[in-house]
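Remarks on the structure that follows.
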Amino acid sequence: MDRVRASLGIAQPTPQQVQDDLNADDVDARELAAILRELQEGIDVPGGLFPMLAQVVSTAARRAEQIEPDRDGEENS
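For reference, each letter of the sequence shown is one residue, going 192 to 268 in my numbering.
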């Protein structure tokens, strides 16, 4: 858990910086496209940031299913 917290602590300022850049009054279409391209391609992970985040969420979901295999998010009455 300490490693996860440390990783999130390192990664946390980055999304805020991106949000600040996106909310800047002088951002134009070209700059917006560059920001989105950087999020997709500019990370050292094959496929970019979005597939990496999807993989993390999928791994967590698979692990949750292993912990409680009978839970599907719906309550049985």
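Using N, Cα and C, we set each Cβ at its ideal position, and we do this for glycine too.
Quick caveat: nothing in here was measured; it's all calculated off a predicted structure.
- As the crow flies, the alpha-carbon of L213 is around 7 Å from that of L223.
- When DSSP assignments are scanned along the region 217-249, the uninterrupted stretches of alpha helix (DSSP H) that are 4 or more residues long and fall wholly within it turn out to be 220-232.
- The beta carbons of G238 and L230 sit no closer together than 8 Å.
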